Amino acid sequence: MAIQLPIYMDYHATTPVDPRVLDAMLPYFNSKFGNAASRSHVFGWTAEEAVGHARETLARFIGASNPKEIVFTSGATESDNIAIKGVAEFYKDKGNHIITSVIEHKAVLDTCKRLEKQGYEVTYLKVDKYGRVDPDDVASAITDKTILVSIMLANNEVGTVQPIAEIGKITKSKGILLHSDAVQGVGKIPFNVEQMGVDLASVTAHKIYGPKGIGCLYVRRSKPRVRITSQMDGGGHEFGMRSGTLNVPGIVGFARAAELLIEEGEAESARIVSLRERLRTRLWKELDAIQLNGSPDRRLPGNLNVSFSFVEGEAMMMAIKDVAVSSGSACTSASLEPSYVLHAMGIGDDLAHSSIRFGLGRFTTEEEVDFVADLVIRKVNKLRDMSPLYEMHKEGIDINSVQWAAH
Amino acid sequence: MAYSDKVIEHYENPLNVGTLDKNDEQVGTGLVGAPACGDVMRLQIKVGEGGVIEDAKFKTFGCGSAIASSSLATEWLKGKTIDEAETIKNSMIAEELHLPPVKIHCSVLAEDAIKSAIADFRAKQQAKRELTGAAPSGAAKSAASASAE
Ligand SMILES: Cc1ncc(COP(=O)(O)O)c(C=O)c1O
Ligand code: FES
Chain E
211 MAIQLPIYMD YHATTPVDPR VLDAMLPYFN SKFGNAASRS HVFGWTAEEA VGHARETLAR
271 FIGASNPKEI VFTSGATESD NIAIKGVAEF YKDKGNHIIT SVIEHKAVLD TCKRLEKQGY
331 EVTYLKVDKY GRVDPDDVAS AITDKTILVS IMLANNEVGT VQPIAEIGKI TKSKGILLHS
391 DAVQGVGKIP FNVEQMGVDL ASVTAHKIYG PKGIGCLYVR RSKPRVRITS QMDGGGHEFG
451 MRSGTLNVPG IVGFARAAEL LIEEGEAESA RIVSLRERLR TRLWKELDAI QLNGSPDRRL
511 PGNLNVSFSF VEGEAMMMAI KDVAVSSGSA CTSASLEPSY VLHAMGIGDD LAHSSIRFGL
571 GRFTTEEEVD FVADLVIRKV NKLRDMSPLY EMHKEGIDIN SVQWAAH
Chain A
4 MAYSDKVIEH YENPLNVGTL DKNDEQVGTG LVGAPACGDV MRLQIKVGEG GVIEDAKFKT
64 FGCGSAIASS SLATEWLKGK TIDEAETIKN SMIAEELHLP PVKIHCSVLA EDAIKSAIAD
124 FRAKQQAKRE LTGAAPSGAA KSAASASAE
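As they're listed, the protein sequences go chains E and A.
Once you know that position 92 of the first sequence is 302 in the numbering used here, the rest is easy, because the numbers rise by one and skip nothing.
Once you know that position 147 of the second sequence is 150 in the numbering used here, the rest is easy, because the numbers rise by one and skip nothing.
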């Protein structure tokens with residue numbers, strides 16, 4: 211079978227809409243176009259019914275006991291913002307301290323930074339070399355002013371899965387709210403808000419083969435009932451927590467995407483893990499001086515984050531331009547700063563510059579994996595032939611012992 | 004980031020990749036940048052009769068623009084005298100390769116590498132003169148360690 215180029219291996223960035231999801235959505239663009247808030251005619255009722263059904267599916271998807279705990283948003287950035295700002299504002303008389311980690315998504319980190327400017331205090335927990343937050347660190351960071359802990363389910367760069375259930379036990383016992391940005395993990399690894407003691411959770415459709423621009427925030431309604439101050443004023447949609455006419459086709463697609471994962475997620479993850487391991491085995495067998503970034507065992511099925519020492523990430527991406535991946539190299543970012551996640555894990559900037567994130571997903575095939583492995587091996591060798599650092603390494607010079615003039 | 008055709012051409016078919024004998028007294032070596040910054044460039048020149056650069060080689064750890072800048076620099080160096088070589092400016096490289104603003108520093112690195120290779124060559128010549136007879140003391144000693152900016 212001929213390989214179709216380009217090959218997509220950037221499933222952490224976004225995913226294509228599954229054809230079954232698209233089929234479910236289409237009628238809601240035209241024949242069933244009603245506004246879910248229209249209470250007085252059949253067009254509105256039809257839309258409302260679809261939304262209600264979607265809420266039930268999504269509640270089931272994350273283990274929520276009540277569909278009313280699902281608040282639709284425009285995506286996880288908005289969900290993270292509403293969760294953190296909404297809790298901070300509502301509970302400000304109770305305390306002003308928030309605990310999060312240094313490897314969170316910018317939607318969480320920058321939200322926390324804004325709150326700091328407004329007088330809140332934020333503790334940014336460190337992670338270990340695998341990118342994992344230690345639950346004991348959460349426990350010891352808690353003060354009598356702490357109102358919220360926000361820790362992601364799994365990291366988008368290195369795929370490290372966080373011990374949310376353990377953290378949930380701690381926050382429950384202290385009566386503090388726990389928010390989790392579940393974007394990367396939900397549907398791929400176990401996630402259940404009831405079993406894990408999560409009070410707020412952010413989810414987005416476009417990472418689970420649904421459309422872009424639709425997501426939800428889970429807001430617990432009992433034990434405890436979580437309150438948030440809404441951040442968007444208007445018609446009082448979504449139980450007053452998020453005003454704005456509902457994106458019905460998006461919601462229907464989001465729910466269909468979740469439904470597919472409820473049915474097939476486990477088998478799919480197993481298949482993706484085996485593809486990832488196939489890629490990893492090939493690379494490790496045929497290349498020297500490569501390093502796995504992230505945890506060897508507690509990681510997302512589709513994530514393989516590798517540093518190819520002595521080869522710069524952007525040059526590597528250019529060399530494999532028919533394969534869409536991403537890199538923690540500064541050269542690829544507008545800020546010219548290497549990945550803050552790798553940095554927080556204690557990975558040297560030189561290795562961060564050499565990192566490539568392969569993201570495998572639903573439509574990745576074995577043929578693609580083999581093609582990518584061959585290509586990467588060939589190009590790493592080619593770039594190393596061009597690399598002064600690899601030559602020094604081969605001569606036995608320790609790159610770290612050289613006095614480099616940083617600039 | 005979209006690359007110019009010239010960057011892609013130099014990147015895919017780099018000219019003058021390789022190593023010259025850094026102990027050869029006619030060879031000047033410049034090693035600039037730092038692994039932690041994501042770019043290290045080694046540029047070498049071999050200087051013949053009358054100070055003409057006979058050969059130039061490079062190895063670069065860096066992005067495509069850095070590799071293309073080094074490839075172009077070595078190509079420009081060949082056949083020039085070292086005095087002429089010194090007039091090569093990063094802006095000329097950036098212009099030739101149509102580098103966008105965020106990639107200008109990759110061409111700066113190439114200019115630094117040229118200067119550093121020439122300085123190394125000159126230091127070697129100076130040391131040679133000192134060895135063979137009266138010459139001012141305290142000439143710059145340049146090892147093949149990195150210097151930048
Ligand atoms: C962990 C994480 N949180 C939040 C987001 C933002 O989600 P959205 O694109 O739906 O705003 C992303 C995706 O970019 C993500 O990976
Ligand atoms: S070497 Fe980093 S941007 Fe060119």
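For glycine and all other residues, C-beta sits at the position ideal for the given N, C-alpha and C.
Treat the numbers as computed from the prediction; the structure is a model and nothing was measured.
Are the beta-carbon atoms of residue i and residue j separated by less than 7 Å?
| i | j | result |
| --- | --- | --- |
| A/Ala59 | A/Leu100 | no |
| E/Val521 | E/Tyr238 | no |
| E/Gly285 | E/Gly425 | yes |
| E/Ala364 | E/Ile418 | no |
| E/Ala293 | E/Leu427 | yes |
| E/Ser537 | E/Gly523 | yes |
| E/Val590 | E/Leu510 | no |
| A/Val30 | A/Lys49 | yes |
| A/Met95 | A/Ser73 | no |
| E/Arg486 | E/Glu279 | no |
| E/Ser412 | E/Asp290 | yes |
| E/Ser360 | A/Gly41 | no |
| E/Val429 | E/Val318 | no |
| E/Ala534 | E/Pro548 | no |
| E/Ile399 | E/Val436 | no |
| E/Gly244 | E/Ala257 | yes |
| E/Ile377 | E/Thr356 | no |
If you compare alpha carbons, which of the options is closest to residue i?
| i | options | result |
| --- | --- | --- |
| A/Glu28 | A/Phe61, A/Lys62, A/Glu52, A/Asp42 | A/Glu52 |
| E/Glu314 | E/Val551, E/Asp580, E/Val408, E/Ser564 | E/Val551 |
| E/Leu236 | E/Phe464, E/Asp608, E/Arg490, E/Met526 | E/Phe464 |
| E/Ala264 | E/Leu456, E/Arg492, E/Arg481 | E/Leu456 |
| E/Met219 | E/Asn503, E/Lys422, E/Val579 | E/Val579 |
| E/Arg342 | E/Met555, E/Arg567, E/His603, E/Ser565 | E/Met555 |
| E/Val332 | E/Lys323, E/Ala477, E/Arg230, E/Asp338 | E/Lys323 |
| E/Leu489 | E/Val516, E/Val312, E/Ile280 | E/Val516 |
| E/Gly305 | E/Val429, E/Leu358, E/Ala349 | E/Leu358 |
| E/Met451 | E/Trp255, E/Glu299, E/Phe253, E/Leu232 | E/Glu299 |
| A/Glu87 | A/Lys25, A/Val55, A/Ser110, A/Glu98 | A/Val55 |
| E/Arg481 | E/Ser505, E/His222, E/Gly571 | E/Gly571 |
| E/Gly504 | E/Ala246, E/Arg567, E/Ser440, E/Gly244 | E/Arg567 |
| E/Met442 | E/Thr283, E/Glu259, E/Asn610 | E/Thr283 |
| E/Ala349 | E/Asn366, E/Pro373, E/Val252 | E/Pro373 |
| E/Lys382 | E/Asp354, E/Pro434, E/Gln394, E/His416 | E/Pro434 |
Just the C-alpha distance for residue i and residue j, rounded to the nearest angstrom, thanks.
| i | j | result |
| --- | --- | --- |
| A/Glu12 | E/Ala529 | 12 Å |
| E/Val261 | E/Thr224 | 24 Å |
| A/Gln47 | E/Glu601 | 14 Å |
| E/Lys531 | E/Val582 | 11 Å |
| E/Val483 | E/Arg508 | 12 Å |
| A/Ser148 | A/Asp115 | Summary for A/Ser148: the model assigns pLDDT 44, below 50, so the residue's position carries little reliability, and this model does not support an answer. |
| A/Glu15 | A/Cys66 | 12 Å |
| E/Ile352 | E/Gly329 | 18 Å |
| E/Gln405 | E/Glu474 | 21 Å |
| E/Ala392 | E/Met362 | 6 Å |
| A/Leu112 | E/Val612 | 18 Å |
| E/Gly569 | E/Val368 | 10 Å |
| E/His307 | E/Val297 | 11 Å |
| E/Gly624 | E/Val408 | Within the shown structure, residues of chain E are numbered from 211 to 617, placing residue 624 of chain E beyond reach of any answer. |
| E/Ser241 | E/Pro459 | 11 Å |
| A/Asp123 | A/Thr32 | 6 Å |
| E/Lys316 | A/Asp24 | 48 Å |
| E/Ala525 | E/Lys339 | 26 Å |
| A/Ala79 | E/Pro421 | Note that residue 79 of chain A corresponds to Trp in the displayed sequence, not to Ala. Between A/Trp79 and E/Pro421, the C-alpha separation is close to 51 Å. |
| A/Val105 | E/Glu288 | 30 Å |
| E/Lys379 | E/Asp608 | 46 Å |
| E/Ser479 | E/Arg588 | 29 Å |
| E/Glu476 | E/Leu470 | 11 Å |
| A/Ala151 | A/Thr63 | Confidence in A/Ala151 is poor, its pLDDT being 37 and thus under 50, which makes the residue's placement unreliable; the coordinate value appears in the next sentence. Looking at the two C-alpha atoms, the distance is approximately 14 Å. |
Within 10 angstroms of its Cβ, does residue i collect 16 or more other Cβ (buried), or is it exposed?
| i | result |
| --- | --- |
| A/Pro38 | buried |
| E/Thr491 | exposed |
| E/Thr414 | buried |
| A/Pro17 | buried |
| E/Pro345 | buried |
| E/Ile472 | exposed |
| A/Asn26 | exposed |
| E/Arg222 | Residue identity differs from the one stated: residue 222 of chain E is His in this sequence, not Arg. Per the 10 Å Cβ criterion, buried. |
| E/Pro598 | buried |
| E/Asn276 | exposed |
| E/Arg594 | buried |
Collect the residues with a C-beta less than 6 Å away from any heavy atom of ligand 3 and give them in sequence order along the chain. Because ligand 3 does not appear in the structure shown, any question about it cannot be addressed here, the ligands present being ligand 1 and ligand 2.
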